[in-house]
Each structure stands twice: as structure tokens, then as C-alpha cells.
Amino acid sequence: MEIKGSLLEDVHLGLKLPANESKLALVRGIYFYYHYKCDGVNDVSWGCGYRTLQTICSWIKNQLDLQGSKFAPEVPSIIELQKALVEIGDKNPSFIGSRQWIGSVEVSYCLDHFYKIPCRILHCRNIEELQKHASDINDHFIQYGSPVMMGGDRDCSSKGLLGITETEDGVFLLILDPHFYGPPVSQEKLQKEGWIKWCKVNDLDPSSFYNLCFPLIKAF
Numbered sequence: 001m002e003i004k005g006s007l008l009e010d011v012h013l014g015l016k017l018p019a020n021e022s023k024l025a026l027v028r029g030i031y032f033y034y035h036y037k038c039d040g041v042n043d044v045s046w047g048c049g050y051r052t053l054q055t056i057c058s059w060i061k062n063q064l065d066l067q068g069s070k071f072a073p074e075v076p077s078i079i080e081l082q083k084a085l086v087e088i089g090d091k092n093p094s095f096i097g098s099r100q101w102i103g104s105v106e107v108s109y110c111l112d113h114f115y116k117i118p119c120r121i122l123h124c125r126n127i128e129e130l131q132k133h134a135s136d137i138n139d140h141f142i143q144y145g146s147p148v149m150m151g152g153d154r155d156c157s158s159k160g161l162l163g164i165t166e167t168e169d170g171v172f173l174l175i176l177d178p179h180f181y182g183p184p185v186s187q188e189k190l191q192k193e194g195w196i197k198w199c200k201v202n203d204l205d206p207s208s209f210y211n212l213c214f215p216l217i218k219a220f
């Protein structure tokens, strides 16, 4: 799937940090912002997990290219991702072409299938546990620098996690929202409208659990 010309890259750059930040760790390296309908497929209301996965795949491909790897597959399409999940036995054949969403576990399967990248899954029962794991998230961005998939149950909207910072007011996550749809816009407009933003952990859904998928590939 080759659509890079219509996608923006590194849309978090230039975004204002939360006030009084004291500890900061961010994604390192180039990624492309995949979102609803970005390739002509109308995935509104069900495709957010696929789009976050594609954003992560774009980062991984760029890293493999930088490392001179001969194995750097293009970012797979939604239908290719669905076929892969059927091929590995995670889904039934009826999954192909469906509007069924995917979460962090399926993301880990796809990253292993397409790129041979292992992942770590972190399950947080609530936002209190998520906040307690702030140091683990920070360590991931320091050690690996790869973007993270974040999904949940009550809060079932997929999120790309691109960074973390601690302030006097609490822990903030840098969230890339794949739910944008429409013609290509500027990075500044995406930031102004909140499609990429710093989100306080305490402002997330208190009744939801959260699963995070950490791709274990280091930024070059």
C-alpha cells in the first residue's frame, strides 16, 4: 500500500508541552499519520485499531530502511491485516472484509507476522494502574523509542501513544488519534483540533481497562 504522498509525518513536532513538565520521553524516528479513510477505505467507526497499527508499521518500515535491512515490507492494508489474522489462526475466514475492530493483542500478532517484531503487552485494569506504570512507559520510550498501541474496553477508541511526561499536575500521555477523516490538512490544524495532544491520565475513562502494545524494536 503506497499512499505516503497524502499522509503527514511526525505530526507531534512543535506541539506545546504541558506546563511544568519535569520528565519527558518521546517517540524517536519518522512515522506517517494513518487515520480514517486515508487510503479511500471507509472505515469510520471500526477501523481505528488498524490505523494505529499502520502508523506503527510506517515507523518500523522506516527504521528497517535506515538500518539497511533487506526485509522491510510496505505498510499493509486493512484487508491484508485481516487476511494475516486469519492465516495465523486468530480469526475465522469471515473476518476478511468485515468491519470488526482489532485491539492491542491483534496488533502484536500482526507486527510479528509482517515484520518479525516481538511485542510486550501491558494490561492496566484502570487509570490508577496506568498511572502507576508511568515509569515503564517512560522506560520504553527511552530504551526503544517506538510508538505504542493503546486500546481498552469501555474506552474502545484506539490511540497511538507517542510519549509521556510528568508534571506537577500529574502524568500526561502524548496521544495520536486515528479518528480524523477528511482531506489532508496541516500539522498545525491537527494539533489545534486535538488529533494529536497531551492527555492527562486522570482524564481518561475511569471505568475502562487499557491494554498497551509495546513494539520491541529500538530506534536507529
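For the sequence shown, the UniProt record's numbering assigns the number 1 to the initial residue and increments by one for each residue that follows.
Idealized CB from N, CA, C, for every residue including glycine.
Taking only the alpha-carbon atoms, compute the straight-line gap between residue i and residue j and give it to the nearest angstrom.
i      : j      : result
LEU162 : SER104 : 15 Å
TRP195 : LEU176 : 6 Å
GLU74  : PHE209 : 32 Å
VAL11  : ASN202 : 24 Å
CYS199 : TYR34  : 20 Å
GLU21  : SER94  : 48 Å
ILE3   : PRO18  : Low confidence applies here, because ILE3 scores a pLDDT of 49, under 50, leaving its location unreliable and the question unanswered by this model.
MET1   : SER77  : Per-residue confidence for MET1 stands at a pLDDT of 44, beneath the threshold of 50, marking its modelled position as unreliable; no derived number is given.
GLU166 : ALA25  : 10 Å
GLN63  : LYS70  : 12 Å
GLN67  : GLN54  : 20 Å
ILE121 : TYR109 : 11 Å
ASP155 : ASN211 : 11 Å
LEU204 : PRO147 : 19 Å
LEU174 : ASN126 : 18 Å
GLY89  : TRP46  : 21 Å
ASP65  : ALA72  : 6 Å
By DSSP, does residue i sit in helix, in strand, or in coil?
i           : result
TYR31       : coil
PHE95       : helix
LYS61       : helix
residue 222 : An answer regarding residue 222 cannot be provided, because it is not within the stretch 1 to 220 covered by the chain.
LEU66       : helix
LEU53       : helix
HIS123      : strand
GLU9        : strand
CYS48       : helix
GLU2        : Note that GLU2 scores a pLDDT of 45, beneath 50, so its modelled location is shaky and nothing firm can be said.
CYS38       : coil
CYS199      : strand
Ends of the alpha helix (DSSP H) at residue i?
i      : result
VAL116 : Contrary to the premise, residue 116 reads as Lys rather than Val in this sequence. That residue, LYS116, is in no alpha helix (DSSP H); it is neither H nor E in DSSP.
LYS189 : 187-193
LEU130 : 127-132
Taking C-beta to C-beta, are residue i and residue j nearer than 8 Å?
i      : j      : result
GLY145 : VAL27  : yes
MET149 : CYS48  : no
ARG51  : PRO178 : yes
LEU111 : CYS119 : yes
LEU8   : GLN187 : yes
ALA134 : ILE164 : yes
Note the first and the last residue of the continuous beta strand (DSSP E) segment covering residue i.
i      : result
ILE79  : Segment 78-87 is the alpha helix (DSSP H) holding ILE79; no beta strand (DSSP E) there.
SER22  : 21-26
TYR210 : 210-215
GLU166 : 159-167
LEU15  : From DSSP, LEU15 is part of no beta strand (DSSP E); its letter is neither H nor E.
PHE172 : 170-176
GLY151 : 148-152
*Using 8 Å as the Cβ pair cut-off and three pairs as the minimum, do the stretch 179-189 and the stretch 127-145 touch?*
no
*Count the CB pairs spanning the stretch 28-39 and the stretch 49-60 that are closer than 8 Å, and state whether there are at least three.*
yes
*asked:* With three or more C-beta pairs closer than 8 Å as the rule, is the stretch 99-115 touching the stretch 126-138?
replied: no
*Assess, as a yes-or-no matter, whether the stretch 211-220 is touched by the stretch 71-90 under the definition of 3 or more beta carbon pairs within less than 8 Å.*
no
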